[in-house]
Amino acid sequence: MNPVSRFLSLSPSSESHAMKTLKALKELEAQRAHVQAVVEKSELGIKAIQTEIVDATKRAQEVQASYVRGLVGEIDVMTARDGIEAARKRLEEVRQVIAAARDIQPQIDQEIYAATHAHNAALRSRVEELIEPIKARIADDKKVRASLIEIYGLIANSDMTLCWVNWRDMVADCFPVITGDEAPAAVAAGKKTLLS
C-alpha cells in the first residue's frame with residue numbers, strides 16, 4: 059500500500075488516529091535520516107575506495123615491472139589486477155547505493171509532507187471532538203443560550219455600524235483566557251497524550 063494512501067486510510071477515531079499519524083510521521087522522519095546517513099557514509103566510502111584504486115594501480119604497475127624483470131610470477135600480476143578490479147567493482151556498487159538513496163529521498167519527502175498534513179488533520183479532528191460536547195452543553199443550557207442572545211443584541215445595538223456581530227468572537231470572549239502557566243502545561247499534556 060502506498061504510504062500516502064496509508065495515512066488517508068487510518069480510521070479517524072481522533073486521539074488514537076492522532077497517535078497513529080504521529081507514529082507514521084516519526085517513522086518517515088527516521089527513514090529520511092537513515093537514507094541521508096547512508097548517502098553521507100557512502101560518499102566517504104567512495105573517497106576511500108578511490109584512494110584504494112590509486113594505490114592498487116601503483117602496486118599493479120610495480121608488480122608488472124617486477125614480472126618483466128623476472129622477480130615475480132604471473133600469479134602475482136593477476137592478483138594485483140584482481141585487486142584493482144575488485145576495488146572498481148566496490149566503487150560501482152557504492153555509487154549504485156548512493157543513486158538509489160537519492161532517488162528515494164524525494165518520495166520520502168512527499169510522504170513526510172502527506173503525513174504532516176494527515177497528523178495536523180487528526181489533531182484538528184481531536185480538537186473538534188473535544189469541543190463538540192462543550193458546544194452541545196452550551197446549546198442545551200437555556201440560561202446560557204438566553205444570555206448569549208442577550209449579549210448579541212446588546213452588542214448589535216451599541217455599535218453605530220451595521221448590526222453585524224462576530225458570534226465566534228463574542229462566544230470566545232465568554233470563556234477564560236489561558237494563562238501563562240496553563241499554556242505550557244497544556245502543550246506538555248497534549249504531547250504526553252499523543253506520545254503515550
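Under my numbering, the first residue of the sequence shown carries the number 59, and numbering increases by one thereafter.
We treat Cβ as the ideally placed atom computed from N, Cα and C, and that holds for glycine.
1) Would you mind giving the Cβ-Cβ distance between Glu-110 and Ala-145, rounded to the nearest angstrom? I have them listed as a contact below 8 Å.
2) Write down the C-beta distance between Ile-166 and Arg-90 rounded to the nearest angstrom, noting that I regard them as a contact closer than 8 Å.
3) With distances taken between CB atoms, is the gap from Ala-49 to Ile-236 smaller than 8 Å?
4) Give the DSSP-derived three-state secondary structure of Thr-237 in the structure shown.
5) Are Ser-205 and His-75 close, meaning C-beta to C-beta below 8 Å?
6) Taking the beta carbon of Lys-78 as the centre, do at least 16 other beta carbons fall within 10 Å, making it buried, or is it exposed?
7) Please return the same chain residues whose Cβ sits closer than 7 Å to the Cβ of Val-121, not counting the five positions on each side in sequence.
8) Could you check if Glu-132 is buried or exposed, using at least 16 other CB atoms within 10 Å of its CB as the buried criterion?
9) For the alpha helix (DSSP H) containing Gly-141, list its first residue and its last residue.
10) Restricting to Cα atoms, I'd like to know which of Val-152, Ala-180, Ile-207, Ser-124 is closest to Asn-224.
According to the structure data:
1) One-based indexing of the sequence shown puts residue 110 at position 52. One-based indexing of the sequence shown puts residue 145 at position 87. Between Ala-145 and Glu-110 the Cβ distance is about 5 Å, and since that is below 8 Å, they are a contact.
2) Within the sequence shown, residue 166 is the residue found at index 108, counting from 1. Within the sequence shown, residue 90 is the residue found at index 32, counting from 1. About 5 Å separates the two Cβ atoms, so the contact holds.
3) An answer regarding residue 49 cannot be provided, because it is not within the stretch 59 to 254 covered by the chain.
4) Numbered from 1 along the sequence shown, position 179 holds the residue referred to as residue 237. Correct three-state label for Thr-237: coil.
5) Taking the first residue of the sequence shown as 1, we reach residue 205 at position 147. Taking the first residue of the sequence shown as 1, we reach residue 75 at position 17. Not in contact: Ser-205 and His-75 (Cβ atoms no closer than 8 Å).
6) Start at 1 with the first residue of the sequence shown, and residue 78 comes out as number 20. By the neighbour-count rule (16 or more Cβ atoms within 10 Å), Lys-78 is buried.
7) Locating residue 121 in the sequence shown gives position 63, where the first residue counts as 1. Val-130, Asp-134, Val-135, Ala-138, listed in sequence order.
8) As a first step, residue 132 must be located in the sequence shown, where it is residue number 74. Burial call: exposed.
9) Within the sequence shown, numbered from 1, the residue matching residue 141 stands at position 83. Start and end: 132-198.
10) Here the question's residue 224 lines up with position 166 in the sequence shown. With distances taken between Cα atoms, Asn-224 lies closest to Ile-207.
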